[in-house]
Amino acid sequence: MHHKRPKAISSLGAILAITGSSPWILLDGPPYPDRHHTGLLCADRLAFLDDALATRAGRHGVVCIHHPPFDTGVVGMDRIKLRNGAEVLDLLARHGNLHLVCGHLHQTISGNTRGVPWTVFKSPCHQGVVELVKPTSGLSTDEAGAYGLGLLAPDGLIIHSIDVGTGARVIDGYDAAN
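The following block contains the structure:
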């Protein structure tokens, strides 16, 4: 794919990958000045997303964007979400038959906004704090990291969140004492 051409990724900030019969669309915002933490999908990225979703021919799609375009209830992080989130959600809802995967919060959260199902994953490094009252975005915790695993099925997507650093002991059966 584009991994051998990093300038192709950085110049557009978007990748379309067809895996099996389903497209994965990965988007990132343009570079921002120091300490600018909100996200934005520019007109070029929105056009890329619209075109990529329009060419799916009814296939289920997965869209990955770092900054969530919706509120999560984590007050401080909601203040630095995707700035044009309403526009992005309108575009996604119009196309339908997709799942949105986001990062930024470093916590596992899932929901459905405007008919768009979404998942936010924890980070493999430090984790965010689910702070529902204080409007701070700088909190983190040393709880175990995780990564997300998306399994494309013929009729949709199955999402797993796998914790890391919590132990490797596998128990076969119901008797944990053995």
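To get the numbering used here, take the position in the sequence shown, counting from 1, and add 2.
Yeah, the Cβ is synthetic: ideal placement off N, Cα and C, and Gly gets one too.
From a predicted model like this one, the values you see are computed outputs, not experimental measurements.
Short Cβ contact (7 Å threshold) for residue i with residue j
i    : j    : result
C104 : V131 : no
A148 : K124 : yes
L29  : R47  : yes
G78  : P126 : no
L93  : V118 : no
T115 : F72  : yes
L55  : H97  : yes
L100 : G63  : yes
W120 : L102 : yes
A88  : F50  : no
G175 : I161 : no
Three-state secondary structure (DSSP) of residue i
i    : result
L18  : strand
V172 : coil
D192 : Here the chain comprises residues numbered 3 to 180, so residue 192 is not present and cannot be evaluated.
G41  : strand
V76  : coil
V166 : strand
Own chain, CB closer than 7 Å to residue i, minus 5 neighbours either side, in chain order
i    : result
S163 : T110, F123, K124, A148 and G150
E133 : V76, V77, G78 and L141
R61  : S23, S24 and P25
T21  : L154
G167 : A146 and G147
R58  : P25
D52  : L93
R85  : T40, G41 and L42
G158 : H62
6 Å Cβ shell around residue i - same chain, five flanking residues per side excluded
i    : result
H128 : S142
K83  : H69 and P70
Neighbourhood of residue i by C-beta, 8 Å cutoff - its chain only, sequence neighbours within 5 removed
i    : result
S139 : H39, G78, M79, R81 and I82
Item checked: Sequence ranges, alpha helix (DSSP H) only - wholly within the segment 87–159, length at least 4 -> Runs of the alpha helix (DSSP H) inside the segment 87–159: 87–97.
Note to self: For the structure I just gave you, are there three or more beta carbon pairs, one from the segment 57–68 and one from the segment 89–106, closer than 8 Å?
What the structure shows: Because the criterion of three Cβ pairs below 8 Å is met, the segment 57–68 and the segment 89–106 touch.
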